[in-house]
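Trainee: By UniProt numbering, the letter at position 158 of the sequence shown is numbered 158, and the numbering carries on one by one without gaps.
All C-beta atoms, glycine included, are put in the ideal place defined by N, C-alpha and C.
Input: one structure, supplied below.
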Amino acid sequence: MPRPDLPANDERPLASPPINAERLLQLITDEYDTLPRQLKRIASYMSQQSDRIMVDRISDIARECEVHPSAIVRFSQRFGFSGFSEMQALFRTAYTHKASPVQNYQQRIRSMIANQSQPASDGDLARECIDATRSGIERLGRELDDVAFEKAVDLIVNADNIYVIGVRRSFAVADYLVYNLQHTHKRIHLVSGLGGSYREQMRSVRSGDLVIAISFTPYAKETQHCLRYARQQQANTLILTDSHLSPLARNANSLLLVNEGSALAFRSLSATLCLCQALFVAVAYRLELNVEEIHEQAGFDD
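Right under this line is the structure:
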């Protein structure tokens with residue numbers, strides 16, 4: 001019988017903290033399923049916003065995760081730290097030399113809007129949005145996984161049938177990627193779900209086909225459904241998402257992570273679109289496509 005003064009097995013702290021931020025993030029991914037619900041929220045934030053932890057206050061993280069600050073302390077202790085400050089120091093050591101001038105853009109825009117004595121101009125707000133977009137692209141450049149990217153290109157090059165799904169804000173990205181891939185000689189399918197027909201549009205997926213799924217928190221259920229079906233059919237999967245903890249990430253043949261900058265609740269799509277463009281450029285190079293022919297296709301003029 002367990003002693004009442006000991007924590008449950010899934011909350012026992014590590015004997016010693018990880019030696020660096022990279023190891024901590026890997027441990028968070030490995031142990032995510034064992035964490036209580038509140039700590040899972042914090043884990044997701046840590047995974048997606050690792051470059052902000054060095055400047056975030058404990059109250060900022062608690063607000064973003066919708067938990068009490070004491071939960072942040074408990075999370076830190078769960079991974080062997082004495083408290084939040086010790087865990088934050090790990091990220092400061094890792095990211096201080098990588099910090100960009102716009103890294104703390106969200107705090108800036110909140111302060112700007114809250115400062116009623118000095119109203120923000122439309123131009124100021126526009127520049128904050130531009131800075132948020134720039135921060136996402138800069139992070140993509142720093143954190144792009146070359147091995148995963150090469151695997152993604154391999155999957156596209158070797159597939160004859162490619163299905164692409166993105167729901168709501170991700171739909172624009174899916175449509176853009178489909179437009180690019182249609183310049184190859186492959187059979188490209190946009191899973192639009194028009195009329196609620198996700199199941200019908202996925203029905204022709206077979207083993208050896210490639211399903212590309214694009215989804216970010218809170219992770220569209222329609223996309224998750226299509227991905228489950230693809231795996232049942234033993235199709236290959238290429239996932240574009242924002243965290244190793246994403247429900248789409250499990251069993252992906254290739255996983256590409258991208259975290260967009262955002263101004264308040266409005267997230268940019270620029271980094272994700274840039275990643276899709278980079279994918280197509282790499283595919284076009286591998287397939288030796290004639291780029292001039294792509295841009296000089298015959299029109300529909302009578």
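Quick one: any contact between the stretch 198-214 and the stretch 162-174, if contact means 3 or more CB pairs under 8 Å?
Mentor: Yes, they touch.
Trainee: Distance check for TYR32 and GLY193, CA to CA, integer angstroms please.
Mentor: Along the sequence shown, read from residue 1 onward, the residue named residue 193 stands at position 193. Along the sequence shown, read from residue 1 onward, the residue named residue 32 stands at position 32. Approximately 31 Å, taken between the alpha carbons.
Trainee: List the whole-angstrom C-beta distance separating CYS65 from VAL173, where the pair is believed to meet the contact cut-off of C-beta under 8 Å.
Mentor: Residue 65 sits at position 65 when you count from the first residue of the sequence shown. Residue 173 sits at position 173 when you count from the first residue of the sequence shown. In fact, because the Cβ distance is near 26 Å, the residues do not count as touching under 8 Å.
Trainee: Using a 10 Å radius around the Cβ and a threshold of 16 neighbouring Cβ atoms, would you call HIS185 buried or exposed?
Mentor: Against the sequence shown, residue 185 aligns to sequence position 185. It counts as exposed.
Trainee: In chain order, what residues of the same chain have a beta carbon less than 7 Å from the beta carbon of PRO101, not counting five sequence neighbours either side?
Mentor: Locating residue 101 in the sequence shown gives position 101, counting from the first residue. Annotation note: pLDDT 44 at PRO101 (below 50); position unreliable, coordinate value reported separately. Closer than 7 Å at the Cβ level, and outside the excluded window around PRO101, lies no residue.
Trainee: Assuming ASN253 contacts THR241 (C-beta within less than 8 Å), just tell me the rounded distance between them.
Mentor: Here the question's residue 253 lines up with position 253 in the sequence shown. Here the question's residue 241 lines up with position 241 in the sequence shown. The Cβ separation is near 14 Å, so there is no contact.
Trainee: Helix, strand or coil for VAL205 per DSSP?
Mentor: Here residue 205 refers to the residue found at position 205 of the sequence shown. Coil at VAL205, not helix or strand.
Trainee: Hey, could you find the ends of the alpha helix (DSSP H) ILE181 is sitting in?
Mentor: Counting from 1 along the sequence shown, the entry for residue 181 is found at position 181. Rather than Ile, the amino acid found at residue 181 in this sequence is Leu. Per DSSP, LEU181 belongs to the alpha helix (DSSP H) from 171-181.
Trainee: Going by beta carbon distance, what residues of the same chain come within less than 6 Å of PHE280, once the five residues before and after it are set aside?
Mentor: For the purposes of this step, residue 280 is taken as the residue at position 280 of the sequence shown. Closer than 6 Å at the Cβ level, and outside the excluded window around PHE280, lie ASN180.
Trainee: Using three-state DSSP, classify ALA213 as helix, strand or coil.
Mentor: Taking the first residue of the sequence shown as position 1, residue 213 is located at position 213. Correct three-state label for ALA213: strand.
Trainee: Would you mind giving the Cβ-Cβ distance between ALA152 and LEU256, rounded to the nearest angstrom? I have them listed as a contact below 8 Å.
Mentor: Here residue 152 corresponds to residue number 152 of the sequence shown, with the count starting at 1. Here residue 256 corresponds to residue number 256 of the sequence shown, with the count starting at 1. Going by Cβ atoms, the distance from ALA152 to LEU256 rounds to 6 Å, so yes, they are a contact pair.
Trainee: When you compare each of ARG63, THR29, ALA132 and HIS68 to PHE79 by their alpha carbons, which one comes out closest?
Mentor: As a position in the sequence shown, residue 79 is number 79, starting the count at 1. Nearest C-alpha to PHE79: THR29.
Trainee: Alpha carbon to alpha carbon, what distance is there between SER121 and CYS226?
Mentor: Here residue 226 refers to the residue found at position 226 when the sequence shown is read from its first residue. Here residue 121 refers to the residue found at position 121 when the sequence shown is read from its first residue. So the two alpha carbons sit approximately 44 Å from each other.
Trainee: Tell me the residue span of the alpha helix (DSSP H) that contains HIS225.
Mentor: In the sequence shown, residue 225 corresponds to position 225, counting from 1. That run of the alpha helix (DSSP H) goes 221-232.
Trainee: At which residues does the alpha helix (DSSP H) containing VAL153 begin and terminate?
Mentor: Stepping through the sequence shown from its first residue, residue 153 is reached at position 153. Here the alpha helix (DSSP H) through VAL153 covers 146-158.
Trainee: In angstroms with no decimal places, state the Cα-to-Cα distance between ALA62 and ILE42.
Mentor: Counted from its first residue, the sequence shown places residue 62 at position 62. Counted from its first residue, the sequence shown places residue 42 at position 42. For ALA62 and ILE42, the distance between alpha carbons rounds to 8 Å.
Trainee: Below 7 Å CB to CB, which residues in the same chain sit around LEU140 once its five sequence neighbours on both sides are set aside?
Mentor: Taking the first residue of the sequence shown as 1, we reach residue 140 at position 140. The residues are VAL258, ALA271, CYS274 and LEU275.
Trainee: Ignoring anything shorter than 4 residues or poking outside the stretch 38-79, list the alpha helix (DSSP H) runs there in chain order.
Mentor: Listed in chain order, the complete alpha helix (DSSP H) runs (minimum 4 residues) inside the stretch 38-79 are 58-65 and 69-78.
Trainee: Comparing C-alpha positions only, which one of LYS221, PRO218 and MET202 sits nearest to GLN234?
Mentor: Here the question's residue 234 lines up with position 234 in the sequence shown. If we check each option's Cα against that of GLN234, MET202 comes out closest.
Trainee: Applying the criterion that 16 or more other CB atoms from any shown protein chain within 10 Å of the CB defines a buried residue, is ILE137 buried or exposed?
Mentor: In the sequence shown, counting from the first residue as 1, residue 137 sits at position 137. It is buried - the Cβ of ILE137 has at least 16 other Cβ atoms within 10 Å.
Trainee: Return helix, strand or coil for ILE19, following the three-state DSSP convention.
Mentor: Position 19 of the sequence shown, counted from the start, is the residue given in the question as residue 19. Correct three-state label for ILE19: coil.
Trainee: Which residues does DSSP list as the beta-bridge partners of TYR163?
Mentor: The sequence position of residue 163 within the sequence shown is 163, counting from 1. HIS189 and VAL211, per the DSSP bridge assignment.
Trainee: What are the start and end residues of each continuous beta strand (DSSP E) run of 3 or more residues lying completely inside the stretch 243-285, in chain order?
Mentor: As far as the stretch 243-285 is concerned, its whole beta strand (DSSP E) runs of at least 3 residues are 254-257.
Trainee: Find out if the Cβ-Cβ distance for the pair LEU245, SER47 is shorter than 7 Å.
Mentor: Indexing the sequence shown from 1 puts residue 245 at position 245. Indexing the sequence shown from 1 puts residue 47 at position 47. Yes; because the gap between Cβ atoms is below 7 Å, this pair is in contact.
Trainee: For a test of your reading of the model: does the CB of SER170 fall under 6 Å from any non-hydrogen atom of the ligand MG? Yes or no.
Mentor: Looking at this structure, you won't find the ligand MG or any other ligand, since it has none at all.
Trainee: To the nearest angstrom, how far is the alpha carbon of ALA99 from that of ARG286?
Mentor: Counting from one through the sequence shown, the residue named residue 99 turns up at place 99. Counting from one through the sequence shown, the residue named residue 286 turns up at place 286. Legend: pLDDT at ALA99 = 47, less than 50; position of this residue unreliable, no value from coordinates given.
Trainee: Does the Cβ of ILE19 have 16 or more other Cβ atoms within 10 Å, making it buried, or fewer, making it exposed?
Mentor: Start at 1 with the first residue of the sequence shown, and residue 19 comes out as number 19. It is exposed - the Cβ of ILE19 has fewer than 16 other Cβ atoms within 10 Å.
Trainee: Around the C-beta of GLN26, are 16 or more other C-beta atoms found within 10 angstroms, so that it is buried, or is it exposed?
Mentor: To locate residue 26, count along the sequence shown from 1; it is residue 26. Under this definition GLN26 is an exposed residue.
Trainee: How long is the line joining the alpha carbons of ILE239 and ASP131, rounded to whole angstroms?
Mentor: Looking up residue 239 in the sequence shown gives position 239. Looking up residue 131 in the sequence shown gives position 131. Spanning the two alpha carbons is a distance of roughly 26 Å.
Trainee: Check LEU240 in the structure and name its three-state DSSP category.
Mentor: Translated into the one-based positions of the sequence shown, residue 240 becomes position 240. If DSSP states are grouped into helix, strand and coil, LEU240 belongs with the strands.
Trainee: Express the C-alpha separation of ALA230 and ASP175 in angstroms, rounding to a whole number.
Mentor: The residue labelled residue 175 in the question sits at position 175 within the sequence shown. The residue labelled residue 230 in the question sits at position 230 within the sequence shown. Near 19 Å, if we compare the C-alpha coordinates of ALA230 and ASP175.
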